[in-house]
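All remarks here apply to the structure that follows.
In my numbering, the protein residues as written are 12 to 490.
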């Protein structure tokens, strides 16, 4: 790195956001004022926000920056676009700039930390040229200049997305931080250019890796998954390396929860749902032990996943020949535990059947067998599955966690919890996937009351309303 003073000018001011300082500051303050306030019962360690033009993504990002107003940090590491296979063996690229300029002034680079990173790891390169026209770091700066004036910046573009690269960068940041109060911010857009319906499905999958803090799964998903070949899809996520590093940093510092604050896509603003970009904003939080939610770490072991997927396929194969498969429950507590299950079938990435239950009335193993048979042969929307189709089918199993009664709607985590509401003999249930259509909590609960439970729209506010939450653990065949 050089020691000369160089300032990177704003490149997308007037395009991605206003070039007028007064207008820009006013817009940011207004978006922050409109944003829902989130105050987790714990420490916010890292975050992810989108990096599109403000007209499309700033309202998605604003809840994160509003939450960060309550977080004390003096140095922010912003990780933007990744170069993927174009940068084999490279972890990241930092610039020689000493400051980044926006219409709100200059934000100074922590050149000492940048130099330390470069010296400690030869896979972290210095190159001004790749940063010169890149917007993914720049668009976050005006928000930070409003919420955290005077902080220092470590700007980085990511190289090849691998778990080792993400973990190595997080470890370096931890070991070199000194007395800095360091915060990691991933500048991350989600799916690029599919139709809106496909975008929502892909984004739900991408965010699920962050929610489970599954770094390996996120990197595999980025580098090749079921999204390949879908019409219009260039990538399921832009800056998976940044998100992976934020995730790794958060886990290294004791994070227990990923909060999804808001989701959307460009079609929500433009009205054109034919070709969209997906967005989401996330917080990684280390919860206070006393307030950490119970039963939210629900999962199914890999051994059981394999057995259940094999069972579902065997049941369907037998059914196509008019035979009934007789199965005994394996002698494991996990598979004998009563569970609510949905079995979903896809053919060429199109739905081919889905049947299940929200009530745990059968052991998990038997429930999968029953609903696999039902999805293949009893879904009234589709003809029965045939033997010839078996090689083209893909089986997915979703298992609902045990339901947990909560004292207040404030315990409900948007994007994560399914909710069952009961009152005066009425009941209604929404799966977690419904947050994709109803991301606002009050709207989610209002529609749950009115459309599912047959109750007044605001019945969820009634002290007599009983609220229960659950999560869904989904797994599928790999083909």
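Note that the Cβ used here is the ideal one computed from N, Cα and C, for glycine as well.
A quick note: this is a predicted structure, and the numbers were derived from the prediction, not measured.
What is the DSSP secondary structure of residue 332, reduced to helix, strand or coil? coil
Among residues of its own chain, excluding the 5 on either side of residue 306, which ones have a beta-carbon nearer than 7 Å to its beta-carbon? Interpretation of residue 306 is limited by its pLDDT of 46, a score under 50 that renders its predicted location unreliable; the figure taken from the coordinates is listed afterwards. Result list for residue 306: 412, 413 and 415, in chain order.
Anyone know if the C-beta pair for residue 296 and residue 270 falls short of 7 Å? yes
What whole-angstrom Cβ distance do residue 114 and residue 32 have, given they're in contact under 8 Å? 4 Å
Touch test, the segment 225-232 against the segment 164-182, Cβ-Cβ under 8 Å, three pairs minimum: yes
Can you check which of these residues, 299, 330 and 347, is closest to residue 319 by C-alpha distance? 347
Specify, as a first and last residue, the run of the alpha helix (DSSP H) that residue 92 falls within. Looking at the DSSP string, residue 92 is not in any alpha helix (DSSP H); the run it does join, the beta strand (DSSP E), is 86-93.
Beta strand (DSSP E) segment containing residue 165, residue limits: 163-169
Counted within 10 angstroms of its Cβ, other Cβ atoms place residue 252 as buried (16 or more) or exposed: buried
Excluding sequence positions up to five away, which residues of its chain have a Cβ less than 6 Å from the Cβ of residue 329? 336
Are the CB atoms of residue 146 and residue 106 within a distance shorter than 7 Å? no
Integer Cβ distance of residue 569 from residue 17, believed to fall under 8 Å: Look at the range of the chain in this structure, 12 to 490, and you will see that residue 569 is not part of it.
Taking the beta strand (DSSP E) that residue 276 belongs to, which residues open and close that run? 268-276
Give the single residue among 58, 248, 119 and 165 whose Cα lies nearest to the Cα of residue 188. 165
Give the secondary structure of residue 423 by DSSP, where H, G and I count as helix, E and B as strand, and everything else as coil. coil
Less than 8 Å between the CB atoms is what I'm expecting for residue 179 and residue 132, so what's the real figure, rounded? 7 Å
First and last residue of the alpha helix (DSSP H) that includes residue 355? Careful: residue 355 lies outside any alpha helix (DSSP H), inside the beta strand (DSSP E) at 349-358.
Is residue 194 helix, strand or coil when you go by DSSP? strand
Just reading off the beta strand (DSSP E) that residue 432 is part of, what are its end residues? 429-434
Rounded to the nearest angstrom, what separates residue 148 and residue 422 at their Cα positions? 33 Å
Exposed or buried, which one is residue 304 when buried takes at least 16 other CB atoms within 10 Å? Because residue 304 carries a pLDDT of 49, less than 50, the predicted location of this residue cannot be relied on, and the following value inherits that uncertainty. So residue 304 counts as buried.
Bridge partners - residue 406, DSSP secondary structure assignment: 356
Might you give, ordered along the chain, the residues of its own chain that have their beta carbon closer than 6 Å to the beta carbon of residue 73, omitting 5 neighbours on each side? 42, 43 and 46
Answer yes or no: do residue 7 and residue 75 have a C-beta to C-beta separation smaller than 7 Å? No statement about residue 7 is possible, as the shown extent of the chain runs from 12 to 490 and does not include it.
Residue burial classification, residue 359 (beta-carbon count within 10 angstroms, cutoff 16): exposed
In this structure, how does DSSP classify residue 253 when only helix, strand and coil are distinguished? helix
Closest Cα partner of residue 267 within the set 480, 23, 486 and 57: 57
Buried or exposed: where does residue 219 fall if 16 or more other Cβ atoms within 10 Å of its Cβ makes it buried? buried
Own chain, CB closer than 8 Å to residue 100, minus 5 neighbours either side, in chain order: 134, 170 and 171
Can you list, in chain order, the residues of its chain whose CB lies under 7 Å from that of residue 181, leaving out five sequence neighbours each side? 256, 259, 260 and 263
Relative to the C-alpha of residue 354, which candidate in 343, 241, 168 and 375 has its C-alpha closest? 375
Report the three-state DSSP secondary structure of residue 457 (helix, strand or coil). helix
If I'm right that residue 200 touches residue 61 with Cβ under 8 Å, what's the distance once you round it to whole angstroms? 5 Å
Is it buried or exposed for residue 425, if we count other Cβ within 10 angstroms and need 16 for buried? buried
Report the CB separation of residue 489 from residue 406 in whole angstroms; it is logged as a contact under 8 Å. Going by Cβ atoms, the distance from residue 489 to residue 406 rounds to 11 Å, so no, they are not a contact pair.
Residue range of the beta strand (DSSP E) that includes residue 491: Given a span of 12 to 490 for the chain in the structure shown, any question on residue 491 remains unanswerable.
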